[in-house]
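Asker: Handing you a structure now.
2 protein chains.
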Amino acid sequence: MTVSSPSPVVILVEPQLGENIGAAARAMANFGLTDLRLVAPRDGWPNERAVAAASRADHDIEGARVFDTLREALADLNHVLATTARSRELTKDVIGPAEAARELTDIAASGGRSGVLFGRERSGLTNDDVALADKILTLPVEPSFSSLNIAQAVLVIAYEWRKAHLGDTIPFQTNDAALPATKDDLHGLFDHLESALDEAGYFQPDHMRPTMTRNLRGILHKGAFTRQDVRTLRGVVAHLEGRRGRHRKVPEE
Amino acid sequence: MTVSSPSPVVILVEPQLGENIGAAARAMANFGLTDLRLVAPRDGWPNERAVAAASRADHDIEGARVFDTLREALADLNHVLATTARSRELTKDVIGPAEAARELTDIAASGGRSGVLFGRERSGLTNDDVALADKILTLPVEPSFSSLNIAQAVLVIAYEWRKAHLGDTIPFQTNDAALPATKDDLHGLFDHLESALDEAGYFQPDHMRPTMTRNLRGILHKGAFTRQDVRTLRGVVAHLEGRRGRHRKVPEE
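Residue numbers (numbering that gives the first Met the number 0), protein chains in the order written: chain A, 0 to 252; chain R, 0 to 252.
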């Protein structure tokens, strides 16, 4: 399952460490984002450390576009969110990642192009950077420990965007063999186990048989077994019966 | 706003790189998780590189508990999820992060203790590891690029857990402007208005110029303008300039 364009643009403003640029590209690739833009990367471009840190997303990072100014990087976009961990004196709407992701997908659906800004490693985005954005995006972090690595902030946004875009779709589902057992499967297990226990003289004293049976069936109902689980359990019972059977064949003297 | 215990336990199975252990501890701290357990870390414990990578979460990582076996690490838990990017032949329920987070908070609410397993850097969790878990947890990644760094996987789970625990953000308001202005349109309006106001001596006192400029841009960003809105506003500015121009041409006596 791939993601249809246009997906949001990730814009790193004056990133300092190639490792962070590469890790951000990798996080984007994990969730299907492809358009990475860099504004005045400190160590220039291309950057070998970025390519190394991108792991297998190296072809994505080689497609990154570099701009001298933030305004140039935003020129073709319709809607821009500025990611920041600090509250600002600027009068702008502040939204969280889930709401931002719904907003980004709605804008894409109406033919618009959007982008998300991420700031410098130490100092984040300036107020002038944020003034070029439509809204402030902030993450629901622990206030006492709110500073996220750039690549981790990119990861959370990319993850929420993919969820909003594709729903909570996971790449593989519960194995088909995990079909839940029918009552008929379960009743077959009851009969098999109870007859085996009968032969083993389990139901003593005899007047306790109904209660003991109900308790056993109650325990087996708690399992939420699959059809395969029931087949496995009947195999277990059969082997225990067989072993006891062989034992009984030993002459007793 | 802080998170009440018991929060889910994060269990790293045979982690190899101290950097990843530290980054995982930092990701946990970002979203209010505190209980980190390590099963047979390759390079022993404590690990200087882990403490360095934990950044300001170093006190959390120094509280990490180390176990020889996975079974010991799980002994006091009631419910365990195994994180994996690969489909397994095991017949277990497979859930995504959001559903997992709801499950983890429900279990905490009923007084239970839960944990999430994360595997080795290269090989992930073995089928025997997964067999000790109640369910499989997988992330909605791009199938063509599904391998997440351990700390990034921890981050997504910690983030979803905090969201499920502390609830969602404010409702989303749609902006259905037919032809939204691009940033280039808006920047042109900024330049036009600001130069006209410059001529008009608006930016007084001079040291207030940056604040006044940001406030103006903030106001103009609130409009969610269409391209036509921007053309109209530039016409308004042009007429104001022109009127002032004509006014100045009138001889004053």
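For each residue, glycine too, the CB sits at the ideal point set by N, CA and C.
#1: With which residues is T225 (chain A) paired in a DSSP beta bridge?
#2: Taking the alpha helix (DSSP H) that R213 (chain A) belongs to, which residues open and close that run?
#3: Got a sec: which bits of the segment 17-50 of chain R sit with their beta carbon under 7 Å from any beta carbon on chain A, in order along the chain?
#4: So, does the CB of R161 (chain R) fall closer than 8 Å to a CB anywhere in chain A?
#5: Run through the segment 80-153 of chain R for me and flag every whole alpha helix (DSSP H) of 4 or more residues, listed as ranges in chain order.
#6: For the alpha helix (DSSP H) that R25 (chain R) lies in, which residues bound it at each end?
#7: Buried or exposed: which applies to M27 (chain A), given that a residue is buried once 16 or more other Cβ atoms fall within 10 Å of its Cβ?
#8: Shortest alpha-carbon distance to A157 (chain A) belongs to which of A:T33, A:R233, A:P14 and A:L16?
#9: So which residues on chain R does G111 (chain A) lean against when the C-beta distance must stay under 7 Å?
#10: How do the segment 60-71 of chain A and the segment 33-46 of chain A stand: do at least 3 beta-carbon pairs fall below 8 Å, yes or no?
#11: Under 7 Å from any heavy atom of the ligand ATP, does the C-beta of F30 (chain R) make it?
#12: Thinking just about the alpha-carbon of each residue, which of R:G17, R:A72 and R:H78 is nearest to the one in V50 (chain R)?
#13: Is the Cβ-Cβ distance between A56 (chain A) and S146 (chain A) less than 8 Å?
#14: How many angstroms separate the CA atom of Q151 (chain A) from the CA atom of L89 (chain R)?
#15: Return the first residue and the last residue of the alpha helix (DSSP H) that R48 (chain R) is part of.
#16: Alpha carbon to alpha carbon, how far is F144 (chain R) from E120 (chain R)?
#17: Quick check on S86 (chain R) - is its C-beta less than 8 Å from some C-beta in chain A?
#18: Using a cut-off of 8 Å between C-beta atoms, extract the partners of L147 (chain R) located in chain A.
#19: Let me know if A258 (chain R) comes out buried or exposed under the rule of 16 or more other beta-carbons within 10 Å of its beta-carbon.
#20: Within the continuous alpha helix (DSSP H) that includes R36 (chain R), where are the two ends?
#21: For R70 (chain R), does the three-state DSSP call read helix, strand or coil?
#22: Please list the partners that G95 (chain R) has in chain A, where partner means a Cβ-to-Cβ separation under 9 Å.
#23: Let's see if you can read the secondary structure: which residues bound the alpha helix (DSSP H) around I60 (chain A)?
#24: In whole angstroms, what is the alpha-carbon distance linking I10 (chain A) and Q172 (chain A)?
#25: Using 8 Å as the threshold, is the segment 131-138 of chain A in touch with the segment 97-116 of chain R, meaning 3 or more CB pairs across them?
#26: Among the residues of its own chain, which have a CB less than 8 Å from the CB of P45 (chain A), if the five just before and after it don't count?
#27: Along chain A, in chain order, which residues have C-beta atoms closer than 7 Å to that of Q15 (chain R)?
#28: Name, please, each residue of chain R whose Cβ falls closer than 7 Å to the Cβ of P139 (chain A).
#29: Rounded C-beta distance between D105 (chain A) and H220 (chain R)? I'm assuming under 8 Å.
#30: Between R:A53, R:L239 and R:R101, which lies nearest to N19 (chain R) when the distance is taken from Cα to Cα?
#31: Would you kindly work out how many angstroms separate the C-alpha atoms of H191 (chain R) and D197 (chain R), rounded to a whole number?
#32: Decide if T122 (chain R) is buried, meaning its Cβ has at least 16 other Cβ atoms within 10 Å, or exposed.
#33: Give the secondary structure of R230 (chain R) by DSSP, where H, G and I count as helix, E and B as strand, and everything else as coil.
#34: Could you give the first and the last residue of the continuous beta strand (DSSP E) run that contains L11 (chain A)?
Answerer: Per the coordinate set shown:
#1: In DSSP, T225 (chain A) forms a bridge with A:P179.
#2: R213 (chain A): member of the alpha helix (DSSP H) spanning R208 to H220, first to last residue.
#3: Listed in sequence order: A26, A28, N29, F30 and G31.
#4: Interface residue, yes.
#5: Qualifying alpha helix (DSSP H) stretches, in chain order: 96-108 and 126-130.
#6: From DSSP, the alpha helix (DSSP H) with R25 (chain R) extends over G17 to N29.
#7: So M27 (chain A) counts as buried.
#8: For A157 (chain A), the closest of A:T33, A:R233, A:P14 and A:L16 by C-alpha to C-alpha distance is A:T33.
#9: The CB of G111 (chain A) comes closer than 7 Å to the CB of P179 in chain R, given here in chain order.
#10: These segments touch.
#11: Judged by which ligands are present, the structure shown has none, so any question about the ligand ATP falls away.
#12: Nearest C-alpha to V50 (chain R): R:G17.
#13: It is not a contact, given that the beta carbons lie outside the stated cut-off.
#14: Straight-line measurement puts the Cα of L89 (chain R) at about 31 Å from the Cα of Q151 (chain A).
#15: Following the DSSP letters along the chain, one finds R48 (chain R) inside the alpha helix (DSSP H) bounded by residues E47 to A52.
#16: In this model, F144 (chain R) and E120 (chain R) are separated by some 15 Å (Cα to Cα).
#17: It does: the Cβ of S86 (chain R) has a partner Cβ on chain A nearer than 8 Å.
#18: Under the 8 Å cutoff, chain A gives N29.
#19: In the structure displayed, chain R extends from 0 to 252; residue 258 (chain R) sits before or after that span and is not available.
#20: Run containing R36 (chain R): none in the alpha helix (DSSP H); it sits in the beta strand (DSSP E), L35 to V38.
#21: The answer is helix: DSSP assigns R70 (chain R) an H, G or I state.
#22: Those are K162, D167, T168 and I169, listed as they occur along chain A.
#23: Going by DSSP, I60 (chain A) is part of the alpha helix (DSSP H) stretching over D57 to E61.
#24: In this structure, the CA atom of I10 (chain A) is about 34 Å from the CA atom of Q172 (chain A).
#25: Contact fails: fewer than three Cβ-Cβ distances are below 8 Å.
#26: The residues are E61.
#27: Taking a Cβ-Cβ cut-off of 7 Å, Q15 (chain R) has no neighbours in chain A, whose nearest Cβ is about 16 Å from it.
#28: The answer, in chain order, is R161, K162 and L165.
#29: With 8 Å as the limit, D105 (chain A) and H220 (chain R) do not qualify as a contact, their Cβ atoms being about 18 Å apart.
#30: Restricting attention to R:A53, R:L239 and R:R101, the CA atom closest to the CA of N19 (chain R) is found in R:A53.
#31: Approximately 10 Å between the Cα atoms of the pair.
#32: As written in the sequence, residue 122 (chain R) is Ser, which differs from the Thr given in the question. Classification of S122 (chain R): exposed, given that the 10 Å Cβ count is below 16.
#33: Note: R230 (chain R) maps to helix in three-state DSSP.
#34: Its beta strand (DSSP E) spans residues V8 to V12.
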